[in-house]
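J.:
In the numbering used here, the protein residues as written are 30 to 232.
1) Out of 90, 37 and 224, which has the shortest C-alpha to C-alpha gap to residue 129?
2) Three or more beta-carbon pairs under 8 Å between the stretch 206 to 226 and the stretch 84 to 95, yes or no?
3) If you check the beta carbons only, do residue 131 and residue 112 fall under 8 Å apart?
4) Runs of 3 residues minimum, wholly inside the stretch 86 to 158: which ones carry the beta strand (DSSP E) assignment?
5) Tell me the rounded alpha-carbon separation between residue 204 and residue 165.
6) Which residues does DSSP pair with residue 166 in a beta bridge?
7) Excluding the 5 residues preceding and the 5 following residue 32 in the sequence, name in chain order all residues of the same chain whose CB lies nearer than 6 Å to its CB.
8) Can you confirm whether residue 39, when its beta carbon is compared against all beta carbons of chain B, has any partner nearer than 8 Å?
9) Report the option in 223, 227 and 60 whose CA atom is closest to the CA atom of residue 69.
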């Protein structure tokens, strides 16, 4: 669903209300946990955020704040939506002078202590999204005390304009990955400073 002007908050919430009642737009719901479904583009990217419990808690806070979205051209509406299974959000993208509304629903939430500490969630596409698939956002605290942001997704185009512009769509996906990784590093540094801790050195 695309528009020439930025949709109003009321319109976005109406879209969300309608999408709450529909099924996911792809059959492999939940597969981002540990599978790589055939017929999709598969992407898996990671970046170091810091070390120790302080960095992990700052990273968890960043996930809850939806800070993995770079803003400007890709943001989540509403930004205060809690990370809970079943919640519907809209990923609002602004590219090529068009506004794209991409509704998603949270498929599952991660809050694990074994074999590693991990927190995050995955959301899946709903029928008005321009793609089909699922994306997992998580932070991990490993045995070597390092803390990582992990971004894993499988997707394929849904509408014919996206299929025609497939190389451009993939370029935008790669741009999102780069900016999402950087946004999480920045958000963790900010959260740590706000908590009275030095920002992590991850260079």
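Ideal placement from N, C-alpha and C gives every residue a C-beta, glycine not left out.
T.: Let's see:
1) 37
2) yes
3) no
4) 103 to 106, 117 to 124, 127 to 141 and 146 to 154
5) 17 Å
6) 150 and 180
7) 128
8) The chain labelled as chain B is not found in the depicted structure, where only one protein chain is given.
9) 60
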